[in-house]
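Remarks on the structure that follows.
Protein chains: 2
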Amino acid sequence: MADTRWLDADEQKTWRSYLAASRLFFDRIERQLQHGAGLPHAYYEIMVRLSEAPGRTLRMSELASTSLSSRSRLSHAVARMEEAGWVLRTPCPTDKRGQNAALTAAGFARLEAAAPGHVDEVRSLLFDVLTVEQQHALREISDAMAARLADGHLGRP
Amino acid sequence: MADTRWLDADEQKTWRSYLAASRLFFDRIERQLQHGAGLPHAYYEIMVRLSEAPGRTLRMSELASTSLSSRSRLSHAVARMEEAGWVLRTPCPTDKRGQNAALTAAGFARLEAAAPGHVDEVRSLLFDVLTVEQQHALREISDAMAARLADGHLGRP
DNA sequence: GGAACGGAGTTGAGAGTTCAACTATTCCTG
DNA sequence: CAGGAATAGTTGAACTCTCAACTCCGTTCC
């Protein structure tokens, strides 16, 4: 473990700005969905991914990775969503270890009801405050970060 | 409530990219601090702000806003940190409603021990994957978002 | 000066997340 | 094909966070 390369003043400001914006932003997204639709953002994401899958059905592990959830988080979440009648779990025919999660009609309706308020919030807090150039920059920045994060991990090179 | 202005394909990609990068990034930051230093990122932030304050002491409400915590979250967090011996709460002399939170020597030591691993992670996942131009762009983007988020709120204009 | 209002902070219940341990099945390899 | 390793998913406990009361103190305004 070599000596730490501390952040210089510029980096410090960038980091704190990014941290503040992201925390505040995601807190707002969370609150909007909770108040407006009675579900957490993680559940919303899970339902979105299911709604886009063929037959509105996915294997649990697929669903975990596309919705950026850990397996455990997904298990708990799907259990709750199943109680609520939004999702149905069935054993996977080809792999007896597996489970398929399917979005029910009630779940889809819930998602459709939640979407407008959510999109409004994203638009008003993100796209409405950025120029088109900034939007493209943000996308490239995020892609670069995501690429790094998708590596197994490998601490330092 | 007017008709929803849905995201077009480009906006969709930007949004999902930002979402994925941020979720993965903050999950990693959280995990690194938890494993490397045994404390959540929220606690780390609280300790950082205290460490920078005169006398390493701040009013609870000041601390809540600078550390991006709700009052309730901060109360719970400081209670735990006090049990751990990292923080000390004392009544505020000038306002009997208030409380001052002070970072103890043990808390400061803990923070110093946690910092290198945390900074390494931030550098390796954020700054090492961005050009200097991208870093500046990210700062401006974040500042714009934070400015919007700091408004009382006001849904649509 | 006493009642109403607002600010500071805490508390407890409820919900989501994480972590580690666990079961069950499938894959791999000698 | 037997046995170990890896994969899929679940579970329960511990922890953090949120929300809605609630207390206590200060401020204001008749």
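Chains as they are written, first to last, in my numbering: chain A, 24 to 180; chain B, 24 to 180.
Think of the CB as a built atom: it goes at the ideal place given N, C-alpha and C, for glycine as much as any other residue.
The structure presented is a predicted model; accordingly, all values stated were derived computationally and were not measured.
Opening and closing residue of the alpha helix (DSSP H) in which threonine 89/A lies: 83-89
Which listed residue (Phe131/A, Leu172/A, Thr127/A) has its alpha carbon closest to that of glutamate 144/B: Leu172/A
Where aspartate 143/B meets chain A, residues with beta-carbon distance less than 7 Å: Thr27
Closer than 9 Å to chain B by CB, alanine 44/A: yes
Opposing strand residues paired with leucine 126/A [DSSP bridges]: Val110/A
Simplified DSSP assignment, three categories, for threonine 37/A: helix
Under 7 Å by beta carbon: chain A residues contacting lysine 119/B: By Cβ distance, chain A contributes nothing, its closest Cβ being about 31 Å from lysine 119/B, past 7 Å.
Spatially closest choice to aspartate 131/A from Thr80/A, Thr37/A, Ile164/A, by CA coordinates: Contrary to the premise, residue 131/A reads as phenylalanine rather than aspartate in this sequence. When each option's Cα is compared against that of phenylalanine 131/A, the closest is Thr80/A.
Within-9 Å CB hit, serine 147/A to chain B: yes
Neighbour-count burial assignment, arginine 54/B, 16 or more Cβ in a 10 Å radius: exposed
Within 7 Å of chain A by C-beta, residues of the region 64-91 of chain B in sequence order: Leu91
Cα-Cα separation between arginine 9/B and threonine 27/B, rounded to whole angstroms: Examination of residue 9/B is not possible in this model, given that chain B is present from 24 through 180 alone.
Sub-9 Å separation of leucine 91/B and arginine 133/A beta-carbons: no
Within chain B, partners of phenylalanine 193/A - CB distance below 8 Å: Any question about residue 193/A goes unanswered here, given that chain A covers just 24 to 180.
Contacting positions in the region 51-62 of chain B - beta carbon closer than 8 Å to chain A: Arg51
Where valine 152/A meets chain B, residues with beta-carbon distance less than 8 Å: Ala167, Met168, Ala170, Arg171
Leucine 126/B versus proline 139/B - alpha carbon distance: 19 Å
Neighbourhood of glycine 108/A by C-beta, 7 Å cutoff - its chain only, sequence neighbours within 5 removed: Thr127, Ala129
Rounded straight-line distance, which links the Cα of alanine 169/A to that of glutamine 158/B: 15 Å
Alanine 138/A at chain B interface by Cβ criterion, 9 Å: yes
DSSP beta-bridge partners of threonine 80/A: Ala125/A
Inter-residue spacing [alpha-carbon to alpha-carbon] between alanine 32/A and glutamine 122/A: 50 Å
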